[in-house]
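First comes the structure, then the notes that go with it.
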Amino acid sequence: MKAYGDTMAEAAGRARTALRHWAHRHKRKHGPSKGMPLLARLRGTEFADVTPEGETLSPAEAREVMEFLLDLSEQMFVGGSETRMIETSIIAAAASLGLTHMELAIVAGRTVTLQYAPPGTWPLVMIRVARTDDSRDLVEMAALHTLVEDVVAGRVDREEGERRLAGIRRMVPVWPGWVRMAGGAVLAASISLQANGTLFGALTAMVVLVVANRAGWLLGRSGIPSFYVVIVQSATVVSLGLLTLEMGLLSAQNAASMTAANLVLLLPTLTVVSLAQDALTGFGVTAAVRLISVVLSLGALFTGIVSVGVLAPNVQVVGGSQGLRFVALPVGVYLLTAVIGSAANAISMGGAARLILYAALGGLLAAVARRFGVTVLELPIPMAVLLAATVLGTVGGYLSPRVDIPSPAFVLPGIAGTLLPSTDVYRGLAQYSAGAPGAGRYLLAALLTTTAIGAGVVLGNILGARGGRVQTSRNA
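So the sequence shown is numbered by the numbering used here: it starts at -13 and just counts up by one.
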């Protein structure tokens, strides 16, 4: 009897899910019964066609839905989703779950506030602060993206959504820590080669990254703020570069390439990209919070480099970057390093095999677009990077609903594997720490290049999402 009861319960559950799915499709076809002003924020995204439920929820129902949405937003921050994606996901899910009389605000970095206020009732306000850093977990990001799509499509109700969200919280990382660190080491080697390094220099870059990573891990365990951790890591990178040069293991060029690769990976690049994205998509307060974080990180890098430069002011790898030449690699080698670096970056960000493949394709696409902009169109580097980021974002936005992965899982690994301004960062930091002229020019170029990445990705995602909707409407 128990087995029979379980079977009947499962059948009833499937019937309810099918009925909800049919009702959701019917609602989309015939349109909403009531408007929802927040839906205007979904323009230019994959959720642009979402229509809200017309029924007013009871206070108890509204509270349950709001708790689920806040849990979802917190976990999306933990997974590394961008602010705009979190906002659109919460709005689309709220509309699909019937929370139509809602206001949403994301402020102060990672604070989400929801208000439910139907006409003639007292407003219900709830708030959630996500206390996390700017790390990325591609597997968790992809699982959350799938959950949001299922909720919006009506395939998952709130109760099932809560169960799946709890499962995502309990997810075990795909790769152990040492594998993710190895992925970061391969990325450092790839960037070193792109900065005109040699194979031995690239292998040295891997060793240096591991040493700096472990030094940061040990300091982090003691609860020291990340500002001081970055100081120690940058000083470690430069000191090891000096050591290899003094021991004759590397030439000045190779030591510089190795140092440039590791310094650029200490930069808060993804935070700078997110800063540009937040500023362009209307999250001014969040962008300001990220700006403070970026300034502190840059200050920590300067402090670490200068502290070594004071002890060894005449060593070439610190202050003598004027005579170094960072030449472009042959096309085939450049594309290969871009693919390997992007795939390795996906591993360092916890990506599974399927995501690693898309990351490698994203890195190849970004490398081709960047090289085309420089060699064929003869664009300056920031404009070529803007072109590459736009192409990458467009393809990511178009593919996202079709291959069931979030656009950042395709875009972010390609950014780090191909578009980072490593040589400008090295020249600017090295010359500034040594008091040499021209440091400001290189640092400005690095800032423009990094900002161009964020601007290009935002524009590309908008174009890709719109292109996808046009194609869908034609096939309907």
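Yeah, the Cβ is synthetic: ideal placement off N, Cα and C, and Gly gets one too.
Here the structure is a predicted model, which is why all the values come from computation and not from measurement.
Boundaries of the alpha helix (DSSP H) around Thr190: 185 to 207. For Gln180, the CB contacts under 6 Å within the same chain, skipping 5 residues up- and downstream, are Thr323 in chain order.
Per DSSP, Arg114 is one residue of the beta strand (DSSP E) stretching across 110 to 115. Residue state for Ile92 is assigned as strand, using DSSP reduced to three classes. Counting C-beta pairs with one atom in each stretch, the stretch 155 to 169 and the stretch 319 to 333 have three or more that are closer than 8 Å, which means they touch.
Around the Cβ of Glu32, a 10 Å sphere holds 16 or more other Cβ atoms; the residue is buried. Residue state for Leu24 is assigned as helix, using DSSP reduced to three classes. If you look at Thr99, you'll find it in the beta strand (DSSP E) that goes 97 to 102.
With contacts defined as CB atoms closer than 8 Å, His131 and Ile391 qualify as a contacting pair. For Trp164, the closest C-alpha among the options Arg156, Ser67, Arg149, Arg200 is that of Arg200. Inter-segment contact for the stretch 81 to 89 and the stretch 65 to 73 is absent: fewer than three beta-carbon pairs are separated by less than 8 Å.
Contact annotation: Leu351 and Val443 have beta-carbon atoms that are not nearer than 8 Å. The beta carbons of Val259 and Gly440 sit closer together than 8 Å.
When the beta-carbon positions are compared, Leu124 and Gly336 come within less than 8 Å of each other. In this structure, Ala188 sits away from Asn248, with a CB-CB distance that is not shorter than 8 Å. For the pair Val319 and Leu445, the Cα-to-Cα distance works out to about 29 Å. Secondary structure of Ile391 (DSSP, three-state): coil.
For Asn182, the closest of Ser237, Tyr384, Met52 by C-alpha to C-alpha distance is Ser237. A straight-line Cα-Cα distance of about 25 Å links Leu185 and Ala355. Counted as a single uninterrupted DSSP element, the alpha helix (DSSP H) harbouring Pro45 occupies residues 45 to 65. Note on geometry: alpha-carbon atoms of Pro109 and Leu56 lie some 17 Å from one another. Secondary structure at Ser243: helix, using DSSP grouped into helix, strand and coil.
Membership of His131 in the alpha helix (DSSP H) is indicated by the continuous run 124 to 138. Between the stretch 341 to 348 and the stretch 396 to 407 there are three or more C-beta pairs closer than 8 Å, enough to call the two in contact. Here Met52 is buried, its C-beta having at least 16 other C-beta atoms within 10 Å. The stretch 253 to 267 makes no contact with the stretch 218 to 236: fewer than 3 CB pairs, one atom from each, lie closer than 8 Å.
Annotated three-state conformation of Met335 is coil, per DSSP.
With fewer than 16 other Cβ atoms inside 10 Å of its own Cβ, Met233 counts as exposed. Annotated as proximal: Ala79 and Val134, with beta-carbon spacing under 8 Å. Ile326 places its beta carbon less than 8 Å from that of Ser176. Cβ neighbours of Ala438 within its own chain (closer than 7 Å, five residues either side excluded): Pro368, Val371, Leu372, Ala375.
In its chain, beyond the 5 residues on either side, Thr99 have a beta carbon closer than 6 Å to the beta carbon of Ile113. Under the three-state reduction of DSSP output, Leu83 falls in the coil class, being neither helix nor strand. Counting every other CB atom within 10 Å of its CB across the protein chains shown gives Gly209 a total below 16, marking it as exposed.
With distances taken between CA atoms, Asp120 lies nearest to Glu60 out of Leu195, Gly153, Glu60.
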